[in-house]
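Accompanying notes for the structure given below.
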Amino acid sequence: MSGQTRLIYLANARMPTEKAHGAQIAQMCESFLLAGCDLELWYPDRDEPEEAKSIPLRAYYGLSRDIPTRQIPCLDLMTVLYHAGLRGKLVDKLSFRLRTYSLLAVLAWRAWREHRRAPDTLFYMRDLTLAKGLPRLLPASFRRRMVVEVHALSPDSETRRRQVATLSQVGAVVALTATMKRDMVASGLPEARILVAHDAFNQRLFAAPPSRAEARARLGLPAEGRIAAYVGRYLQLNKEKGIPDIIAAAPAMLAACPDLRFLFVGGPLDRVPHYQGLIAALGLPAERFAFHDKRPMAEVPAWCAAADLLLMPYPQDPQYAANLSPLKMFEYMACHRPILASALPSIGEILQDGTNAALCAPSDPPSLARRAIEVLNTPSLGEKLAERAARDVSTLTWDNRARHILDFIVPHLERT
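Sequential numbering from 117 applies to the sequence shown in this note's numbering.
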């Protein structure tokens, strides 16, 4: 392929959205544009929360430029049914299918017109529903121009086999972790068609994180005492991401570090009463725990920089072990603060215990408490871990990731 690469990013998500996948999509689109692609983001025309309706993607995600977009019509009845009091498992399931199939039909028609107009166009997506549905509706010449970025494989071997059968129909595959790539190869997908590309961080947003004192003053946080912080959504697909384990570890941490406070930033706030119940059951002082909803992307460096220890204790779970590539990990690393994370295989591809982070056993509050106390009460260790993490993440930027992916998929698809 010569000249400018034409790339259409097909997203099956509200944009903007408070969830992490929206930030990842927006960051990658910006970086593909900066790499020289002629890019357009296609996403469904769905009902959006009031707070997101009037906010451009550039402002919502702290981007340096606008992203060309096209909204794709679909039959989205979820909000209408909710206000009519008609929600329920069966109704939700039927509504979801109607929305998905209507989106697929319109996407297939518009993508086929684009493919006929410009046969070299690449169609990039991270949704396996689209990856499964579009090849059924479109000819082989289109399928060979599809690139699928895989964010999760099922732990069930039969389901994973069907997922890999879907991926075998497309031109190239991007895997978030090496563990995921090994699973795909073991299920029959040729290794040469898969690129491992971990997630990344926005080097423009995190170029100069504020000092601890500046961050606390800006955010209205106490100037004195130490803070252990968790910055990111509290749940993923309704699964806990470690906050209950942090609370369970808190009695030992507070006993060893009497000036310690805990900070949780990211929401959803409707989960907070559950956490407060756990805190009360342990007889812990409620004022030592602060919960905040999702904050604008531009504030994230300050929330991370305000902390003395950044927490990421994902529980033991097959999905987390193989598929995890959390955006917060790379943002934590860029903020020059020590990190405490779970020793999961996917995390271990980036963080090494005693080198650029402290790792604890997953789903093990005593292990979490021991490692947290060790880092908090040994400032030289925390400084060493933070400095090395910042060095290690310096090349793991969205811009580098986009170029790495393009360097793989463009020549690969030329050969197919």
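We treat Cβ as the ideally placed atom computed from N, Cα and C, and that holds for glycine.
- By the C-beta density criterion, G470 is exposed, having fewer than 16 other C-beta atoms within 10 angstroms.
- The beta-bridge partner set that DSSP reports for P412 is empty.
- Annotation: the region 206 to 272 contains the following complete segments of the alpha helix (DSSP H) (minimum length 4 residues), in chain order: 244 to 253 and 256 to 259.
- By the neighbour-count definition (other C-beta atoms within 10 Å, threshold 16), Q120 is an exposed residue.
- Contact annotation: S218 and L254 have beta-carbon atoms that are not nearer than 9 Å.
- In the DSSP secondary-structure assignment, P160 is bridged to I188.
- Inter-residue distance for A488 and R259 is about 49 Å (C-alpha atoms, whole angstroms).
- Note on geometry: alpha-carbon atoms of D508 and R233 lie some 43 Å from one another.
- According to the DSSP secondary-structure assignment, E490 is paired through a beta bridge with no residue.
- Using a 10 angstroms sphere on the CB of G393, the tally of other CB atoms stays under 16, which defines it as exposed.
- Within the region 474 to 526, the complete alpha helix (DSSP H) segments of 4 residues or longer fall at 481 to 492 and 495 to 509, listed in chain order.
- Between T275 and G249, the C-beta spacing is not below 9 Å.
- Note on the region 414 to 473: whole beta strand (DSSP E) runs with a minimum of 3 residues are 425 to 428 and 455 to 458, in chain order.
- In the three-state reduction of the DSSP assignment, Q143 falls in the helix class.
- Straight through space, the alpha carbons of T513 and Y346 are spaced by roughly 22 Å.
- Counting every other CB atom within 10 Å of its CB across the protein chains shown gives I362 a total of 16 or more, marking it as buried.
- In the three-state reduction of the DSSP assignment, A313 falls in the coil class, being assigned neither a helical nor a strand state.
- Between the alpha carbons of H267 and A366 lies a gap of roughly 32 Å.
- Looking at the backbone, the Cα of S270 and that of R162 are separated by about 27 Å.
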